[in-house]
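Residue numbers (full-length UniProt numbering): 1 to 103. The structure appears below as structure tokens.
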Amino acid sequence: MLQVDVNNFNEEVKEHNGVVVVDFWATWCGPCKMLAPVLDSLSQDMDAVKFVKLDVDKNPALANEYGVSTIPTLKVFKSGELVNSITGFKPKEVLAAELKKHI
């Protein structure tokens with residue numbers, strides 16, 4: 001999964017015409033590690049959705065800009081606009097249902 005940071009966030013997320021899911025995570029976060037294989041599986045199943053990861057420890061300004069205080073947090077963008085926020089670990093089926101609303 002593509003890693004984004006302050007240098008490529010606008011290009012990869014804000015300027016993308018489709019749906020982008022940004023996984024705000026950290027290496028020390030247990031639930032983030034549980035969510036990673038779920039997102040990998042969803043990225044295989046959902047061709048219409050782009051999945052990227054953003055390390056909050058390396059990019060605190062972006063985490064702050066989007067109000068991320070709990071991780072994992074998924075921010076869903078559609079054509080550059082924030083359309084949904086999902087906090088905490090969720091099963092694949094729940095996430096798939098949420099994301100399908102924006103496709």
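Note that the Cβ used here is the ideal one computed from N, Cα and C, for glycine as well. Since the model is a prediction, treat every value here as computed from it, not as a measurement.
List the endpoints of the continuous beta strand (DSSP E) containing E93.
Premise fails: E93 lies in the alpha helix (DSSP H), K92 to K100, not in any beta strand (DSSP E).
Could you tell me the distance, in whole angstroms, from the CA atom of F89 to the CA atom of I71?
9 angstroms
Can you list, in chain order, the residues of its chain with a C-beta nearer than 8 angstroms to that of L82? Leave out the 5 residues immediately preceding and following it.
Y66, K75 and V76
From the DSSP output, in three-state form, read off N84 for me.
strand
Can you name, in chain order, every residue of its own chain whose Cβ lies under 8 angstroms from the Cβ of N7, other than the five neighbours on each side?
none
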